[in-house]
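Participant:
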Amino acid sequence: MVSSQLYWQPQKVNENLLTRIAVSPIPTWYETEYTGITYICFESDHEVQEHPVTMLSRFDRGGFFGLHGHPGGEEILVLEGNFTDETGIHTPGTYMLNPEGFIHRPYSDEGCLTFVKLRQHGGTNRQQVRKNIYQLPWQPGIIPQIEVKPLYEQMGFPEKVWIERWQPGTELLNVVESEVKEIFVIEGTWSDELGNYPTHSWLRYPPGCSYSPSSTTGCMVYVKTYPIEATRFIVGKDFRHPQVMNIGVADL
């Protein structure tokens with residue numbers, strides 16, 4: 001059951017990359033100024049933008065944004081329903097990376113749920129990506145029980161993004177990360193020695209963190225890595241939305 005909706009208050013949430021973070025999808029949805037749009041916060045820093053920079057975003061049936069751009073780009077993974085903009089109708093499993101300079105007017109006739117990351121993809125020559133994770137072939141991973149689907153890697157940029165599928169009963173011992181690693185659970189349950197994390201949970205492990213991940217049930221997860229010294233958030237104080245739009249809010 002979804003709790004009563006609240007209006008988001010700009011704040012810092014899980015912004016320290018040196019700390020291990022695990023957020024389960026607690027049913028607290030924050031309202032926005034946009035028609036039919038709510039979100040759950042995973043990560044936020046009001047010095048970067050007023051609303052979260054990593055979140056679950058939900059479009060009610062008929063929900064929409066006005067035309068807007070994104071300083072620092074955006075990353076979207078469609079989880080449920082259809083997400084639509086000028087580039088087409090994007091079904092569940094669609095992964096999109098929209099670089100700086102991209103503008104769109106997203107909406108959903110039937111409603112949808114998306115995993116979203118904002119202001120973390122700077123660089124005007126970054127490639128635009130459109131892939132569906134359910135249509136890509138699986139490739140061998142680090143052990144036979146783990147398969148992977150690469151989503152994004154580009155020379156000159158530090159981030160790597162891929163999908164992993166863990167077979168039931170898979171376990172790794174004493175993994176130590178050299179970079180920041182983020183996990184978003186798409187299906188099933190991801191676990192480590194500190195807990196179990198169901199579908200739509202988000203975790204972040206800092207460099208040097210030792211942990212033992214496993215999945216009793218099996219799971220599919222989004223994975224992202226980047227060096228801790230990477231410039232993550234593009235503040236872009238000189239950014240302006242397209243002139244045809246008038247939404248009266250801070251940068252998206």
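Here full-length UniProt numbering is used: position 123 in the sequence shown is 123, and no number is missing along the way.
The C-beta atom is built at its ideal place from N, Cα and C for all residues, glycine as well.
Because the structure is a prediction, the values reported are computed rather than measured.
(1) Within 10 Å of its beta-carbon, does Gln139 have 16 or more other beta-carbons around it, so buried, or fewer, so exposed?
(2) Tell me the DSSP secondary structure of Gln139 in three-state form.
(3) By a C-beta neighbour count over all protein chains shown, 10 Å radius and 16 as the cutoff for buried, is Met155 buried or exposed?
(4) Using the Cβ count rule (16 or more neighbours within 10 Å means buried), how would you classify Pro168?
(5) Less than 7 angstroms between the C-beta atoms of Ile163 and Ile133, yes or no?
(6) Below 8 angstroms, how does it come out for the region 201-221 and the region 16-27: are there three or more Cβ pairs, yes or no?
(7) Return the CA-CA distance between Val223 and Glu15, expressed in angstroms with no decimal places.
(8) Among all the DSSP beta bridges, which residues are the ones paired with Leu79?
(9) Closer than 6 angstroms by C-beta to Val176: which residues in its own chain qualify, once you throw out the five before and the five after it? Chain order, please.
(10) Hey, quick one: how far does the beta strand (DSSP E) through Glu147 stretch, first residue to last?
(11) Run the CB neighbour count on Tyr7, radius 10 Å, all protein chains shown included, and call it buried at 16 or more, exposed below.
(12) Three Cβ pairs or more, each shorter than 8 angstroms: is that satisfied between the region 76-88 and the region 40-49?
(13) Taking only the alpha-carbon atoms, compute the straight-line gap between Tyr197 and Arg119 and give it to the nearest angstrom.
(14) Using the rule of at least 16 other Cβ atoms within 10 Å of the residue's Cβ for burial, across every protein chain shown, is Ile247 buried or exposed?
(15) In chain order, what are the residue ranges of uninterrupted beta strand (DSSP E) at least 3 long that sit wholly in the UniProt domain "ChrR-like cupin" (29-120)?
(16) Which same chain residues, not among the five before or five after Gln11, have their C-beta less than 8 angstroms away from its C-beta?
(17) Among Arg58, Thr94 and Ala230, which residue has its Cα nearest to the Cα of Tyr107?
(18) Excluding the 5 residues flanking Gln127 on each side, which residues of the same chain have their C-beta closer than 6 angstroms to its C-beta?
(19) Which first and last residues belong to the beta strand (DSSP E) in which Tyr134 is found?
(20) Could you give the C-beta distance for Pro158 and Tyr226, rounded to a whole number, given that I count them as a contact under 8 angstroms?
(21) Can Gly72 and Ile234 be called in contact, C-beta distance under 7 angstroms?
(22) Give me the residue from Glu75, Leu172, Ser212 and Lys131 with the minimum Cα distance to Ile143.
(23) Tell me, to the nearest whole angstrom, how far the beta carbon of Gly36 is from that of Gly63; I am working on the premise that it is less than 8 angstroms.
(24) Can you give me the Cβ contacts of Gly122 inside the same chain, cut-off strictly under 7 angstroms, excluding the 5 residues immediately before and after it?
(25) What are the boundary residues of the beta strand (DSSP E) that includes Lys160?
Facilitator: Inspection of the coordinates gives the following:
(1) Here residue 139 refers to the residue found at position 139 when the sequence shown is read from its first residue. With fewer than 16 Cβ atoms within 10 Å of its Cβ, Gln139 is classed as exposed.
(2) Stepping through the sequence shown from its first residue, residue 139 is reached at position 139. Looking at Gln139 - three-state DSSP - the assignment turns out to be strand.
(3) To locate residue 155, count along the sequence shown from 1; it is residue 155. Exposed is the call here.
(4) As a position in the sequence shown, residue 168 is number 168, starting the count at 1. Its Cβ having fewer than 16 others within 10 Å, Pro168 is exposed.
(5) Looking up residue 163 in the sequence shown gives position 163. Looking up residue 133 in the sequence shown gives position 133. Yes, these two residues count as a Cβ contact at 7 angstroms.
(6) yes
(7) Looking up residue 223 in the sequence shown gives position 223. Looking up residue 15 in the sequence shown gives position 15. When rounded, the distance between both Cα atoms is 18 angstroms.
(8) Stepping through the sequence shown from its first residue, residue 79 is reached at position 79. Paired residue(s): none; Leu79 is not in a bridge.
(9) As a position in the sequence shown, residue 176 is number 176, starting the count at 1. Excluding residues within five positions, the ones whose Cβ falls inside 6 angstroms are Ser210.
(10) The residue labelled residue 147 in the question sits at position 147 within the sequence shown. That run of the beta strand (DSSP E) goes Ile146 to Glu153.
(11) The count along the sequence shown starts at 1 and reaches residue 7 at position 7. Tyr7 should be labelled exposed.
(12) no
(13) Within the sequence shown, numbered from 1, the residue matching residue 197 stands at position 197. Within the sequence shown, numbered from 1, the residue matching residue 119 stands at position 119. Using only the alpha carbons, I get a separation of about 26 angstroms.
(14) Numbered from its first residue, the sequence shown carries residue 247 at position 247. Unreliable positioning characterises Ile247 in this predicted model, as indicated by a pLDDT of 40, which lies under 50. The coordinate reading is nonetheless provided below. The residue in question, Ile247, is exposed, as its Cβ has fewer than 16 Cβ neighbours within 10 Å.
(15) 37-43, 54-59, 74-81, 83-85, 88-90, 94-98 and 112-118
(16) Start at 1 with the first residue of the sequence shown, and residue 11 comes out as number 11. The residues are Ser44 and His46.
(17) As a working note, residue 107 is residue 107 in the sequence shown. Ranking Arg58, Thr94 and Ala230 by Cα distance to Tyr107 puts Arg58 first.
(18) What you label residue 127 is simply residue 127 of the sequence shown in a count that begins at 1. Around Gln127: Gln154.
(19) For the purposes of this step, residue 134 is taken as residue 134 along the sequence shown, with counting starting at 1. No beta strand (DSSP E) contains Tyr134, which DSSP labels as neither H nor E.
(20) The count along the sequence shown starts at 1 and reaches residue 158 at position 158. The count along the sequence shown starts at 1 and reaches residue 226 at position 226. The pair is a contact, with the Cβ atoms about 5 angstroms apart (cut-off 8 angstroms).
(21) Taking the sequence shown and counting its residues from 1, one reaches residue 72 at position 72. Taking the sequence shown and counting its residues from 1, one reaches residue 234 at position 234. For Gly72 and Ile234, yes; Cβs fall inside 7 angstroms.
(22) As a first step, residue 143 is located in the sequence shown; it is residue number 143 there, counting from the start. Checked all of Glu75, Leu172, Ser212 and Lys131; the closest Cα to Ile143 is Leu172.
(23) Along the sequence shown, one-based indexing puts residue 36 at 36. Along the sequence shown, one-based indexing puts residue 63 at 63. Indeed, because the Cβ distance is near 3 angstroms, the residues count as touching under 8 angstroms.
(24) Sequence index remark: in the sequence shown, residue 122 carries index 122 (1-based). Same-chain partners within the cutoff: Gly72, Gly73, Glu100, Thr231 and Ile234.
(25) Taking the first residue of the sequence shown as position 1, residue 160 is located at position 160. Run containing Lys160: Lys160 to Trp166, per the beta strand (DSSP E) assignment.
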